[in-house]
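For reference, the structure is listed below as structure tokens.
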Amino acid sequence: GAGVSQSPSNKVTEKGKDVELRCDPISGHTALYWYRQSLGQGLEFLIYFQGNSAPDKSGLPSDRFSAERTGGSVSTLTIQRTQQEDSAVYLCASSSRDRDGYTFGSGTRLTVV
Amino acid sequence: QKEVEQNSGPLSVPEGAIASLNCTYSDRGSQSFFWYRQYSGKSPELIMSIYSNGDKEDGRFTAQLNKASQYVSLLIRDSQPSDSATYLCAVGGSGYSTLTFGKGTMLLVSP
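Line by line, the protein sequences give chains A and B.
Residues in the first sequence are numbered consecutively from 213, following this note's numbering.
Residues in the second sequence are numbered consecutively from 1156, following this note's numbering.
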């Protein structure tokens, strides 16, 4: 596609529910990243996929968070048993070449009530 | 732990002035450096990248890198009210790598 597509754009969920956030990267981009941004905070790295390599999960804050990338394209970030501190904007980004900067999607604003 | 530091601002400049945004980083092995602009409620947008010491110019924007001082800056010439946004500095390694972002500097350009 022309850009990085994320869905849903907004998600309100009750504490304890599971949520799935979707990211469709730019066609041909082999690297895909998930970050989150809390109000007034910087971007926090979550997970990184590069081609067929094992993902770098070092940023996932707890085992309630997981992500997969199917067919080297679409990625899904799953948060189980959501907590209020999970409320944030979840940003997906992709990049095409070595040392290129990222192109970000428009994000999913997650609110846990 | 890799750290990227920016003054949170706000940095206020009048229209037409030069805005200077600064960033320091902790990892001496860093190889790639980026500036992103983020409007309120929007996602970050890449505006500049720099990999070698010195200056890199693109239109009204100039990125400056000094690896010895672990310092990168962004100059915006002829600032416009539309430049009012938060500017994020991001630092990465060589090859594909995750970027570490600063918390950003808010720039306000007054007409």
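The beta carbon of each residue, even a glycine, is placed where N, CA and C say it ideally should be.
Test: S1237/B CB closer than 8 angstroms to a CB of chain A
Your numbering for residue 1237/B matches position 82 in the second sequence. At least 8 angstroms separates the CB of S1237/B from every CB of chain A.
Using the beta-carbon count (16 or more within 10 Å), is A279/A buried or exposed?
As a position in the first sequence, residue 279/A is number 67, starting the count at 1. Counting Cβ neighbours within 10 Å, A279/A comes out buried, since at least 16 surround it.
Nearest-angstrom Cα separation, counted from N1177/B out to Q262/A:
Here the question's residue 262/A lines up with position 50 in the first sequence. Here the question's residue 1177/B lines up with position 22 in the second sequence. Roughly 31 angstroms separates the two Cα atoms.
Check this for me: beta carbons of R1215/B and I1231/B, under 8 angstroms apart or not?
As a working note, residue 1215/B is residue 60 in the second sequence. As a working note, residue 1231/B is residue 76 in the second sequence. Yes, the Cβ-Cβ distance between R1215/B and I1231/B is below 8 angstroms.
Tell whether a beta-carbon distance below 8 angstroms holds between S1239/B and V1264/B.
Position 84 of the second sequence, counted from the start, is the residue given in the question as residue 1239/B. Position 109 of the second sequence, counted from the start, is the residue given in the question as residue 1264/B. For S1239/B and V1264/B, yes; Cβs fall inside 8 angstroms.
Would you say G1214/B lies against chain A (beta-carbon separation less than 8 angstroms)?
Stepping through the second sequence from its first residue, residue 1214/B is reached at position 59. Not one chain A Cβ lies under 8 angstroms of G1214/B.
Kindly identify the DSSP beta-bridge partner or partners of G1247/B.
Along the second sequence, one-based indexing puts residue 1247/B at 92. G1247/B is bridged to S1187/B.
Identify which residue in Q1225/B, K1258/B and T1217/B has its Cα closest to the Cα of S1175/B.
On the second sequence, position 20 is the one that residue 1175/B refers to. With distances taken between Cα atoms, S1175/B lies closest to T1217/B.
Taking CB distances under 8 angstroms as the criterion, tell me whether T1253/B reaches chain A.
In the second sequence, residue 1253/B corresponds to position 98, counting from 1. Closer than 8 angstroms to some Cβ of chain A, the Cβ of T1253/B qualifies, so yes.
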